Each structure stands twice: as C-alpha cells, then as structure tokens.
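Working notes, beginning with the structure itself.
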Amino acid sequence: MSLAEAAPLEEYDENHEAIGVELEQEGSDAFEEIKRPWNPEEIRVSTKSFSLRNILDLIAESSLDLAPDFQRLKVWNVRQKAQLIESILLQIPLPAFYFSEDVDGAMRVVDGLQRLSTVQDFVEGHFKLRQLEYIGDVEGKRFSELPAPWQRRVFNTQIVVHVIDPATPAPVKYDIFRRINTGGTPLNAQEIRHCMSKQRSRAFLKRCVESPGFQTATGGALLQQNRMIDREVVLRFVAFILLGDFREYRREGPMEELLWKTTGRLDNPKDLDDEALEEVFSKLQRGLRNSEMIFGEHAFRKWPIDAERRSPFNRALFETWTYALSQYEERQIKPMASQISKAARKRMTQDADYLNSITVSTGDVRRVEYRFAVVQELLGSATS
Numbered sequence: 022m023s024l025a026e027a028a029p030l031e032e033y034d035e036n037h038e039a040i041g042v043e044l045e046q047e048g049s050d051a052f053e054e055i056k057r058p059w060n061p062e063e064i065r066v067s068t069k070s071f072s073l074r075n076i077l078d079l080i081a082e083s084s085l086d087l088a089p090d091f092q093r094l095k096v097w098n099v100r101q102k103a104q105l106i107e108s109i110l111l112q113i114p115l116p117a118f119y120f121s122e123d124v125d126g127a128m129r130v131v132d133g134l135q136r137l138s139t140v141q142d143f144v145e146g147h148f149k150l151r152q153l154e155y156i157g158d159v160e161g162k163r164f165s166e167l168p169a170p171w172q173r174r175v176f177n178t179q180i181v182v183h184v185i186d187p188a189t190p191a192p193v194k195y196d197i198f199r200r201i202n203t204g205g206t207p208l209n210a211q212e213i214r215h216c217m218s219k220q221r222s223r224a225f226l227k228r229c230v231e232s233p234g235f236q237t238a239t240g241g242a243l244l245q246q247n248r249m250i251d252r253e254v255v256l257r258f259v260a261f262i263l264l265g266d267f268r269e270y271r272r273e274g275p276m277e278e279l280l281w282k283t284t285g286r287l288d289n290p291k292d293l294d295d296e297a298l299e300e301v302f303s304k305l306q307r308g309l310r311n312s313e314m315i316f317g318e319h320a321f322r323k324w325p326i327d328a329e330r331r332s333p334f335n336r337a338l339f340e341t342w343t344y345a346l347s348q349y350e351e352r353q354i355k356p357m358a359s360q361i362s363k364a365a366r367k368r369m370t371q372d373a374d375y376l377n378s379i380t381v382s383t384g385d386v387r388r389v390e391y392r393f394a395v396v397q398e399l400l401g402s403a404t405s
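Each position in the sequence shown, counted from 1, maps to that position plus 21 in my numbering.
Shown next, in the form of structure tokens:
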C-alpha cells in the first residue's frame, strides 16, 4: 500500500455534503506555537446600547459595515428570517452583538451579521413574513404593510453591542471573536478576518478568486463552498509572496497570525500601493497558469503514482506551488512540465514527511519549511 493510498478526508458544508476540499487536520501540537498569553490590559471592550433605527442609520451612512459580499448571509431561509422578525415584534431580547471599531470611528459587524442583514432586508421590503408561529395577523406582510405600532416596535427595539476598541491589537481582536463565536454555524477564521477587514483587502481577494485563471486552475473546486476557503488560499499565497523567502515564516508565523498581518498590509495603501497589488495579482496568475500546465486537472490535489482518481483540493499544495511557480515564466516551465509532475507524484507516493506536511498541522514551522523546500528542490532539479 502506498503512503497516499488512503482517501483524504473532505470538509462538509452546513447540509453535511462534501464540498471537494480536503480537511486540514490539526495534530496534538496544534497550539504549541502560541507565543505568549495576551496581556489583559490590551483587551478593551465597551458595551453599548443601540436601537435598531440607530443601527439602520449607521448602515445607511456607511458608519457600520455589514461586509455586503459575505457569502454566509445566503444561508438563512425564509422561515429563519421571519422568526427573527417575529421575535422582535414579540419583544424577545436578542443575543448580544459584537462590533469591531476602527480608529476613524467606523465599525464592522463580526457577530450578528445575519441578524442585522435580515432586519435591514425586511425594513427595505425584500421579503414578506412567512411561517410565523404566534402573530398570525401580519402573515404575508412586508414591513411597509405593518401597522404603525408594529413598525415603531421594530425601530425602537434595543440591542446590546460589545464594541472592541481600536486600541486593541489586531491579533487580540481576532482571538476575542474566535472565543465568542459560538452561534449556530460558527464563523471560521477567514470569515472573521473578512468581517474585520476593510474594503480594499476584500475587493482584492474577491478579484483574485473570481479571475478566470483561478477558476480554471482550481477546476472550479471552490465554487461549491460558501465558507471563504477560496479567499483564504489566495491570502495564504499573498502572505508568502510578501514574506519573500518562505524561511521568514519561522519568524513571522504561526499561520493565523501571519494571515492577519497580511490582511492588514493589503488594507494599507501606504504599505502596499496599487502598483504593488497589481504585481501580486500578476504573480498569482503566473503561478496558477504554470500549476495547471504541470498538473492539469490534478493541480493542487494529491496525485500519487498509480492513482488517477482526482483528490479533493488541498490548501497547502496551493500555497506552495503557486508561490514557487510564480517565480518562473511559462517558457521556462513548459519543457519540463512532465518531469516536474512525475517527480512531485513520486514524492507524494514515497515521502511520508512530505505527505504529513500537506495534511496534518500544516501551519507548523517545520512542516511549512519542509513542503516549500521540497517544491523548490523539484523545480531546481528540473530547470537547472
């Protein structure tokens, strides 16, 4: 039996269906890289009360960002939306919300996006109340059709908001939201980053994942998921490109901390101007084209010798191959594509350390360095 013969584990969506993306497994040492406990004095959280009218006004004037391209907002069905509005009309207190505040006073919603988006959609007339349990006389009505007392009840509803002060360091903010994120379908790391980031980084990552080059090279593997895995893998590529040398990861890691720093850099035009962003985009496209040239439909998937079945998409393979191949022109790679493919498949078949580096505890420093070094070695041998 080859080392890679066992079928990789896949991730599943909210409906318990496989999404064609390999699950990144955490080993027993998953939390050993935490550098230090947070200083309690760095954690600054204030609690405020807002009416829903206040909230809607803040959204309208762009002082409160709902991250409009957040895919998970599509998850709620008509019944869930209607029952939230019914709870408001029944004056049932809503669970607390969490916002992140910028130095300029603007706020972003991290916990409570679906609830606030539902309220906004209802007030703007985008859906009717259906499948209510208690208030039958408003069944089938839009907000504008509700009696005035009911409308006032919606507007006057008070919500409790915990606001993370802008002076709180970004990694601490991230950890706070990771800890309090216990809703029905908790946000994953990239979803939290997306909610807490600015429009600049969100627009750049969206442009990357919607590019024909990305969709073609990944075989459309990430079209069936709504957990922002596509944004995460591009962000991982960007992180290593900006490091310059993958060995710098030892100093800048662990992975989640590096990805947070990278998001901040993408959001800061003084750090990365538009020309620099365009260069990163071009490198990504070059890495994608070269990867597809070498591996075809098996790009970014485990592909051991004597195995032709297409495996699920693998994040670690994506970041290493796009990073390494972005440094080569297509004319340099094309004559050696078959040789590189065969050598990579051999490593996936015979090298247990390499397989572990792209399967378990993929953020571990030693495994990051090993898998990047393997790819550099394979390309160096083929192109020298």
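Quick reminder that beta carbons are idealized off the backbone N, C-alpha and C, glycines included. All values reported here derive from a predicted model rather than from experimental measurement.
In the structure shown, Leu150 falls within a coil segment according to DSSP collapsed to helix, strand and coil. About 19 Å separates the beta carbons of Tyr344 and Trp281, which is beyond the 8 Å limit, so they are not a contact pair. Within the model, the alpha-carbon separation for Pro233 versus Ser347 is close to 17 Å. Note on Gln135: 16 or more other CB atoms within 10 angstroms of its CB, so buried under the neighbour-count rule. Under the DSSP assignment, Asp132 falls outside any alpha helix (DSSP H), being part of the beta strand (DSSP E) whose first and last residues are Met128 to Asp132. Collapsing the DSSP output to three states places Gly41 in a strand. Arg257 and Arg268 have their alpha carbons spaced roughly 15 Å apart. Selection Gly146, Phe334, Gly274 and Tyr349 evaluated against Asp385 yields Gly274 as nearest (Cα-Cα).
Less than 8 Å divides the Cβ of Ala127 from the Cβ of Asp86. Looking at the backbone, the Cα of Glu318 and that of Leu137 are separated by about 41 Å. Following the DSSP letters along the chain, one finds Glu122 inside the beta strand (DSSP E) bounded by residues Phe118 to Glu122.
Between the C-alpha atoms of Ile185 and Val140 there is a straight-line separation of about 23 Å. Beta-bridge pairing by DSSP links Asp86 to Arg129. Here the C-alpha atom of Ala297 lies approximately 40 Å from the C-alpha atom of Glu145.
With a cutoff of 8 Å on beta-carbon distance, Thr341 and Val396 are scored as near each other. Judged by their CB atoms, Leu110 and Ile156 are nearer to each other than the 8 Å cut-off. DSSP links Val193 through a beta bridge to no other residue. In terms of CA proximity to Asn209, Ile250 leads the group Asp372, Tyr119 and Ile250. Note on Gly265: under 16 other CB atoms within 10 angstroms of its CB, so exposed under the neighbour-count rule. Shortest Cα-Cα distance from Ser303 to any of Cys229, Tyr375, Trp97 and Ser378 involves Cys229.
Sequence-distant partners of Phe235 (beyond 5 residues in either direction) whose C-beta falls short of 7 Å from its own C-beta, in its chain, are Cys229 and Leu309. About 44 Å separates the beta carbon of Leu263 from that of Thr178, a gap too long to meet the 8 Å contact definition. Looking at the DSSP output, Gln348 sits in no beta bridge, so it has no partner there. Counting the other Cβ atoms within 10 Å of the Cβ of Lys355 gives fewer than 16, which makes it exposed.
For the 8 Å CB-CB criterion, Met217 and Arg129 form a contact. Judged by DSSP secondary structure, Gln104 falls outside any beta strand (DSSP E) and instead within the alpha helix (DSSP H) spanning Val99 to Leu110. Thr383 carries a coil assignment under DSSP once its states are collapsed to helix, strand and coil. Under the three-state reduction of DSSP, Thr239 is assigned to coil, being neither helix nor strand. A residue is called buried when at least 16 other Cβ atoms come within 10 angstroms of its Cβ; Gly133 meets this threshold and is buried. Looking from the CA of Phe164, the closest CA among Glu107, Val42, Leu243 and Arg392 belongs to Glu107. Two segments are said to touch when three or more pairs of C-beta atoms, one from each, lie closer than 8 Å; by this definition the segment 75–85 does not touch the segment 355–369. Val159: not part of any beta strand (DSSP E); DSSP gives it neither H nor E. Gln246: not part of any beta strand (DSSP E); DSSP gives it neither H nor E. The Cβ atoms of Leu305 and Arg322 lie no closer than 8 Å to each other. Following the DSSP letters along the chain, one finds Thr370 inside the alpha helix (DSSP H) bounded by residues Ala358 to Gln371. For the pair Ala364 and Ile315, the Cα-to-Cα distance works out to about 11 Å.
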